[in-house]
Amino acid sequence: MELIDQHAKKIMEGCKRRARDAGLRFQEETLEYIVTNRDLIELSPKVMIPTLYDYWVHEVEVLKGKGKYELYPGNPYETVINTRPPISFYNDNNPDWLNVMIFYHVIGHIDFFQNNLYFRHTWDYDFTGQALSDKRLISKYRSEKGRQLDYIIEFGRAIDNLVGYHNTLSQLNQPTSHTGSKRLDFYFDVFLQTHKKVRINDYVKEIERYNQNIREYGELGEKTFFSEVDQKYPEFNAIFQKSLEKKPETRMDLIQFIMAHSEFLNKEENKWMKTVLEVIRNTSIFFQPQIRTKIMNEGWASYWHETLFMQDDRIQGHEVDFARVNANVTSMPRVGMNPYALGMRLFYYIEEMADKGKYSIEFKRLLNANERKEYDRKTHNGRDFIFKIRENFNDFLFINTFVDQDFVTGYNLFVAGKRLNRSKMVWEYFVQSRKAEDYRDMVIDSLYHPPHIEVDHKKTVDQTLYLNHRFEGKPLVKDFIPNTMFGIEYLWGGPVKLETSEVAPTASLHGAYAVGGPGPQDPPEEPEIQWQRVLYTLENRKLSKRILYAVENQP
Amino acid sequence: MDMEIRTGDDMDPKRKQYFQEIKARGLSEEREERIRRELIDTRAHEPEPVPPATGSEFHPGPTSFYEYADLLFLQAMGYPSVSPTVCLGSLDELLERDKLREKDGLPRKIRVGRLIKPGQGGKDKIVVVPTTVEEKFIHDAVRPNEEEESAGGSGDGEEGEVIGEQPVRQPGGAGAGPGEGQGGPHEMESSAYDLGKVLTEKFELPNLQDKGKKRSLTRYTYDMTDRNQGFGQFLDKKATLRKIVDTNIHLGRIPDVDDIDPTGFLISPGDRIYRILSKEKDYESQAMVFFLRDYSGSMMGKPTDLVVAQHVMIYSWLLYQYDKQVESRFILHDTEANEVKDFYTYYNSKVAGGTKVASAYKLVNEIVEKESLARDYNIYVFHGTDGDDWDSEGKEALPELETMMGYANRIGITIAEHGFGQTRSEVERYLLRSGLLADKPELVRMDIMQQDADESRLIEGIKTLIS
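First to last, the sequence lines map onto chains A and B. Counted the way my numbering counts, the first sequence spans residues 1 to 555. Counted the way my numbering counts, the second sequence spans residues 1001 to 1467.
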């Protein structure tokens, strides 16, 4: 890989200056490389991180198709990687005007990486450096341990989508200054709710009593308040003191739990495995925000490459070239979903709405369609507003909050259905719905969402690890369960149980046959799905399944 | 009997007659219901017509956001392509590593990817890509009705309006899915390998006997057996010395054979004799392989996929290892059996109709009898079915099978089960009851797989059938 030449670098620096003037914030240094087809072969399996550890799966074509992104959340063909300094990759023969557009796009991404709070945990270190030391560590273990190392990587990666990404984030985003008394917090947040389980009515009364005390006695209000508490609940002080001694509970994800509690891993000769697992876990956590902000990130970058390119004085004469390339990238497909297009349009839409002051209670209360259309408070704070969005939102919140009927109608969007026309033997695409709720649901349904699987501490007894899958309306991919559990059993060193939900088999032969039924004119009946809770047990490499209970209604 | 009234006209008279015969022998209600389902099946078996490429088909964009990436869309770089020669080295290495996994008690992970692209007129293409999947706990889609998928869209159109049509079978992608397959071209040619090569290491035709010397089946091996003067891979010292002596005798430099002085020898460059790599013919007996596929209505979906996939593997292995000199015959059957001319038709014919296993066995017996194949050929029969047979006792199938066992070197029956809930399929039941499997394991083998079998399971199945 070579750095781009001085001429292109100069263009990049010009872009950075203009972007900064427009309000984007990012670090001074960046690295730009030219990549060839050959480089891509090596880079793309490693999610464009040149220093990622070696693993044989990177050499095999990874099975394409359904659910690919669920398995491999990192994007293998990204142009910028979130490192310090950020590294971006370019085609060798881009003309200057195209480079200007791409540079702006890249800067949009860098700004997003370095300001969106979902990336908070990646701000304090350079991932390429970290990855390089991990790579060295792993190759050292490989020379010492041989194949066994690859098995540990395999088993670790099998559960690396269950990492506690949000736990990591929440630890980093704690409120900085703690005001108020701990005693008070404990009383209202824990004692009344968990220990006493008081009714809401009494809880509110208690708050009212506190407020009254503060009003009447000022500084001494809290003391007065608690003197009464001591009379009412003599045990409170003891419980409070005890709670201070206890360390705050940290929630562990599956990998952490196994590392902490597996007897097998904590044997002296196996301790190196924990280091490997730690590497896998950290790598996974690093990549988590990327896939959760795909629409926003691409939308933000597209918004800025379009906005800044049009203002750039250096590209005069290439407006038409730009228009062609830009339309190709940011047009809405007739059927299909394009994150550049959707994200960019949503940012424009939000900016326009905010410019007119439409994100206000006053506007929300308007019911007259014409008044809603004409509404304009001329607040002109749209830019600021979208900067706040880029800082605080992820894809789910972005779509869930801002995709409304005006947006769907305004951009002529719809949910496209696909059905088989047997007489013509064609797939027909049709307009299924133009409702905002349906569109939103469809987009949200297609977002990355790993299953929520936790260790059930109460049921994890006698060396048996009990995993609980919190059911969210979708089952797990059945084919993958045995091998994944196999890996967990290896790392845990004992039996593993997994509680999950599955579709209960229906008794009728009809569905399995689907020969067309007795009459082709019958409309396909919508089969009702019956869910059941099942328990998989893997013990000594033998997998068994037991039905726990039927679930009456979809939760 | 209202069903009969309604569908009586559509029914194939022969099929109907056969049904009456079976019914006369007595049927349970559940059996009758299942048979009826196939009985009234009016579809035809033609291979899926390949629609002409008009260039105006509707191509939807990616339905997932995550298929978009900057390098591909913004910079239009295209996926990196890997040349097959680069991969060839690593494939062997990867498979070697995969083999070691078995030793360590772990399931194999590398799959020998999608296999064959049948073309018309014998232009079958066999390509292999090593693929793998990293298994994790991930969400599956809940889609009870497979015809409903949704994606995003933009533009004009009333709700309910059809905005585009896409042929179910992509032109050029024919054979992407067997039988009732799904369209969509597979990206497999970018790194093409010979599947046969991989399979050869695992299989050999069993029970080959010396038969029919008139046309020998040849297979080539490469060995350092040929001698060559002047150049080659490996110097044959003994032969070279002999040649030198020979030359010097002719030159008259060895006056006395009892007292040879090698220091006085003249050595011409042509005296050096080398061993050189050469193609050697291996004489073997010739073989005829019959492929039998149940294409009755009940084979819809997964069973057909599995059976065809397994037969593709066997067929491509034969193509490779025996250089097309093993002859293959293809027979499809529902209640009647038909021989079809090539693998393409065999692979692509759609499922429909009822089931009568005996018909296929009978046809094989007839062909063998008529063409006196038993004398000159080693005969192998591979039969793929879902195990459903109207003739649930095997009253007709078993005698035919026994006749077949009289001449065949191996009969391999694959049953791809539906998992309908019933414990055993008819074919499996009557085969077991007949005791043929236990009595003559050298001649008849049966492999039963579940619907969810993967490619490694298929290869496992082939091992069972031909080991």
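Using N, Cα and C, we set each Cβ at its ideal position, and we do this for glycine too.
At a Cβ threshold of 8 Å, is methionine 1299 (chain B) touching chain A? no
Starting from the C-beta of arginine 377 (chain A), find all residues in its chain whose C-beta is less than 7 Å away, skip the five residues before and the five after it, and write them out in chain order. Lys356 and Gly357
Measure the alpha-carbon distance for glycine 1105 (chain B) versus tyrosine 55 (chain A) and round it to whole angstroms. 20 Å
As an exercise, report each continuous alpha helix (DSSP H) stretch of at least 4 residues that is fully enclosed by the stretch 1360–1446 of chain B, in chain order. 1373–1376, 1397–1405, 1426–1434 and 1436–1439
State the start and end residues of the unbroken beta strand (DSSP E) segment that holds isoleucine 547 (chain A). 542–551
Chain B contacts from the stretch 155–186 of chain A (Cβ-Cβ distance under 9 Å): Arg157, Ala158, Ile159, Asp160, Asn161 and Leu162
Whole-angstrom Cβ separation of isoleucine 1022 (chain B) and aspartate 1391 (chain B), contact assumed at under 8 Å? 7 Å
For the alpha helix (DSSP H) that contains aspartate 479 (chain A), what are its first and last residues? Where aspartate 479 (chain A) is concerned, there is no enclosing alpha helix (DSSP H), given that its DSSP letter is neither H nor E.
Answer with buried or exposed for proline 1255 (chain B), where buried requires no fewer than 16 other C-beta atoms within 10 angstroms of its C-beta. exposed
Boundaries of the beta strand (DSSP E) in which methionine 1288 (chain B) is found, first to last residue: 1287–1294
Closer than 8 Å between beta carbons: that is the criterion. Which residues of the stretch 401–432 of chain A meet it against chain B? Tyr411, Asn412, Leu413, Phe414, Val415, Ala416, Gly417, Lys418, Arg419, Leu420, Asn421, Lys424, Met425, Val426, Trp427, Glu428, Tyr429, Phe430, Val431 and Gln432
Would you mind telling me which residues of chain A sit closer than 8 Å to arginine 1293 (chain B), beta carbon to beta carbon, in chain order? Per Cβ cutoff of 8 Å: no residues; arginine 1293 (chain B) is ~18 Å from chain A at best.
Measuring alpha carbon to alpha carbon, tell me which of B:Lys1341, B:Ser1298 and B:Glu1396 ends up nearest lysine 1350 (chain B). B:Ser1298
Give me, in chain order, the residues of the same chain whose beta-carbon lies closer than 6 Å to that of arginine 1015 (chain B); leave out the 5 immediate sequence neighbours on both sides. Thr1335 and Gly1354
On the three-state DSSP scale, how would you describe methionine 1313 (chain B)? helix
Measuring CB to CB, does arginine 281 (chain A) end up less than 8 Å from valine 204 (chain A)? no
Residues in the stretch 1150–1165 of chain B having any Cβ partner in chain A nearer than 9 Å: Ser1150, Ala1151, Gly1152, Gly1153, Ser1154, Gly1155, Asp1156, Gly1157, Glu1158, Glu1159, Gly1160, Glu1161, Val1162, Ile1163, Gly1164 and Glu1165
At 4 residues or longer, what runs of the alpha helix (DSSP H) sit wholly inside the stretch 200–256 of chain A? 200–217, 221–232 and 236–245
For chain B, find out if any of its Cβ atoms is closer than 8 Å to the Cβ of histidine 58 (chain A); answer yes or no. no
Name the chain A residues whose beta carbon is nearer than 9 Å to that of proline 1062 (chain B)? Pro333, Gly336, Met337 and Asn338
Inspect the beta-carbon positions of glycine 1153 (chain B) and phenylalanine 414 (chain A) and report whether they are closer than 8 Å. yes
Looking at leucine 1373 (chain B): is its Cβ nearer than 8 Å to the Cβ of alanine 1337 (chain B)? no
Are there 16 or more other CB atoms within 10 angstroms of the CB of tryptophan 531 (chain A), so buried, or fewer, so exposed? buried
The alpha helix (DSSP H) with glycine 563 (chain A) in it runs from where to where? In the structure as shown, chain A starts at 1 and stops at 555, and residue 563 (chain A) therefore has no counterpart that could be examined.
Quick check: tyrosine 1274 (chain B) and asparagine 1228 (chain B), are their CB atoms within less than 8 Å of each other? yes
Look at the Cβ atom of alanine 504 (chain A), then the Cβ atom of leucine 308 (chain A), and state whether they are nearer than 8 Å. no
Take the Cβ of tyrosine 90 (chain A) as the centre, count every other Cβ of all protein chains shown within 10 Å, and call the residue buried at 16 or more, exposed below. buried
Rounded separation between arginine 147 (chain A) and isoleucine 1110 (chain B) - CA only: 15 Å
For serine 360 (chain A) and aspartate 445 (chain A), the rounded distance between their alpha carbons: 28 Å
Give the straight-line distance between the Cα atoms of tyrosine 303 (chain A) and threonine 1131 (chain B), rounded to the nearest whole angstrom. 38 Å
On the three-state DSSP scale, how would you describe valine 1357 (chain B)? helix
Contact set between isoleucine 102 (chain A) and chain B, taken where Cβ atoms lie within less than 9 Å: Asp1070, Leu1074 and Gln1075
Through-space distance from threonine 51 (chain A) to aspartate 39 (chain A), alpha-carbon basis: 13 Å
Taking the alpha-carbon of threonine 1464 (chain B) as reference, which of B:Ile1413, B:Asp1452 and B:Glu1158 has the nearest alpha-carbon? B:Ile1413
Show which residues of chain B have a CB atom less than 9 Å away from the CB atom of lysine 474 (chain A). His1139, Asp1140, Ala1141 and Val1142
Under a Cβ-count criterion, where at least 16 other Cβ atoms within 10 Å of its own Cβ denotes burial, should arginine 365 (chain A) be classed as buried or exposed? exposed
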